[in-house]
Amino acid sequence: MSKLYEDFLRTLDEEIEKSSPKHREQVKILFLKVWYNTFLKNSIAQFMENFKHIRYKFSREIRYEAALASGRALRKVSVEVRV
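Okay, structure coming up:
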């Protein structure tokens, strides 16, 4: 697993913890399903592609919280790459 992908997953986990307590467990479940489908490829691009497909199995509120968390994680990782 690449360091960048590890950093992304770690950052995503931190961002999930900032999600609303009401939706946090469902957001975790959504991302666990995405991660499971990404396993072996272990790339951020594949993770996000899987997220696009799996998110529609969840409610609008969960999709919104998940999109916020993934967006913040992507921004933080991309800033680290630039530095």
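Here the sequence shown is numbered in the numbering used here, starting from 2 and rising by one per residue.
Positions of the beta carbon are idealized from the N, C-alpha and C atoms, including for glycine.
In this structure, A74 lies away from V28, with their beta-carbon atoms at least 8 Å apart. Of the residues L10, R64, S79, the one whose Cα lies closest to the Cα of S21 is R64. Within the same chain, L31 come within 6 Å of F59 by CB-CB distance, once the 5 residues on both sides are set aside. Taking all protein chains in view, the Cβ of A46 is surrounded by fewer than 16 other Cβ atoms within 10 Å, so the residue is classified as exposed. Shown here, N43 sits in coil according to DSSP, grouped into three states, outside any helix or strand. Linking K34 to R56 through their CA atoms gives a straight-line distance of about 10 Å. Per the coordinates, the alpha-carbon of L10 lies some 22 Å from the alpha-carbon of K23. Within the same chain, and ignoring the five residues on either side of T12 in sequence, the residues whose Cβ sits closer than 7 Å to its Cβ are A74, K77, V78.
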